[in-house]
Amino acid sequence: NAGVTQTPKFRVLKTGQSMTLLCAQDMNHEYMYWYRQDPGMGLRLIHYSVGEGTTAKGEVPDGYNVSRLKKQNFLLGLESAAPSQTSVYFCASRRTSGRSKFFGPGTRLTVL
Amino acid sequence: GESVGLHLPTLSVQEGDNSIINCAYSNSASDYFIWYKQESGKGPQFIIDIRSNMDKRQGQRVTVLLNKTVKHLSLQIAATQPGDSAVYFCAENDNTNAGKSTFGDGTTLTVKP
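Heads up: the sequence lines are chains A and B, in that order. If you're matching positions, the first sequence starts at 1 in our numbering and goes up one per residue. If you're matching positions, the second sequence starts at 1001 in our numbering and goes up one per residue.
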């Protein structure tokens, strides 16, 4: 099993550009999450999904949109990137009855 | 608001010594707590968890202690090795909340040879 994978690994955007981050998991997990991590800080929840076709806002959802069209994929979109969105983005998944989350390797995004 | 915080941002120990990483939490409704390890350039990795109705749980070389009276959580690593060097996060979870976690800011553990 590949676990949780994220693409791309790195990306540099100019202010105002858009992009989509892809998260995929092959563990048949129901729950999926998008977090951002800024230097010296813990992870903050952006959006999450409790199943295919469902999404919900987390702690810091502004400026982001998500979609969960397939159970194994969770997409994070930035419609108009801002320098404040420079961060490392982590995707995670979890079984419904599980407690721990499985994290992907992260996407390092820089917005100039 | 609710928060989970770590007492020290950095901790340096000698190889072979025991390490203790602390965490304070404020949400009394938390159902369980998890410790994650994050190595440089990687995502967090599960180490051990503990339910709120427990005081202690042991794993391989790691022990988590929970003191609900003072809302304190600690991770003890026995015989610390260079491979233990990483950032350690505690996270509190509420099972009524779709498994969302609140993470502390992390403690960077450095193991000196």
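Note that CB positions come from ideal geometry on N, CA and C, so glycine has one too. As the structure is a computational prediction, the values presented were derived from the model and not from experiment.
What did DSSP end up calling D1084 of chain B once you bin it into helix, strand or coil?
helix
Going straight from the alpha carbon of Y64 of chain A to that of E79 of chain A, what length do you get?
In a straight line, the C-alpha of Y64 of chain A is about 7 Å away from that of E79 of chain A.
For a cutoff of 8 Å on Cβ pairs, would you count A1098 of chain B as touching chain A?
yes
Can you tell me where the beta strand (DSSP E) with S1101 of chain B in it begins and where it stops?
1101 to 1103
Backbone secondary structure at Q37 of chain A - three-state DSSP:
strand
Buried or exposed, going by whether 16 or more other CB atoms sit within 10 Å of the CB of G16 of chain A?
Its Cβ having fewer than 16 others within 10 Å, G16 of chain A is exposed.
Which residues mark the beginning and the end of the beta strand (DSSP E) in which V1070 of chain B is found?
No beta strand (DSSP E) holds V1070 of chain B; DSSP gives it neither H nor E.
Going by CA-CA distance only, name the one from B:Y1025, B:I1077, B:D1055 that's closest to V1013 of chain B.
B:I1077
Buried or exposed: where does R68 of chain A fall if 16 or more other Cβ atoms within 10 Å of its Cβ makes it buried?
buried
Partners in chain A for N1093 of chain B, counting only beta-carbon separations shorter than 8 Å:
R99
Is it buried or exposed, M41 of chain A, if we count other Cβ atoms within 10 angstroms and call 16 or more buried?
exposed
Across the region 1015 to 1031 of chain B and the region 1100 to 1113 of chain B, are there enough close Cβ pairs to call them in contact, namely three or more that are closer than 8 Å?
yes
Does the region 86 to 97 of chain A come into contact with the region 1072 to 1092 of chain B, if we say contact requires no fewer than three beta-carbon pairs (one atom in each stretch) closer than 8 Å?
no
Quick check on DSSP: helix, strand or coil for Q1060 of chain B?
Note: Q1060 of chain B maps to coil in three-state DSSP.
Using a beta-carbon distance below 8 Å, is E1002 of chain B in contact with chain A?
Legend: pLDDT at E1002 of chain B = 43, less than 50; position of this residue unreliable, no value from coordinates given.
Within the same chain, show all residues whose beta-carbon is closer than 7 Å to that of I1020 of chain B, passing over the 5 residues directly before and after it, in chain order.
S1074, Q1076
Can you list the residues of chain B that Q94 of chain A reaches, using a CB-CB cut of under 8 Å?
For clarity, residue 94 of chain A is Arg in the given sequence; the question names Gln instead. Under the 8 Å cutoff, chain B gives G1099.
For V1070 of chain B and L21 of chain A, I'd like the C-alpha separation in whole angstroms.
41 Å
If you compare alpha carbons, which of A:N1, A:V12, A:F10, A:Q25 is closest to L75 of chain A?
A:Q25
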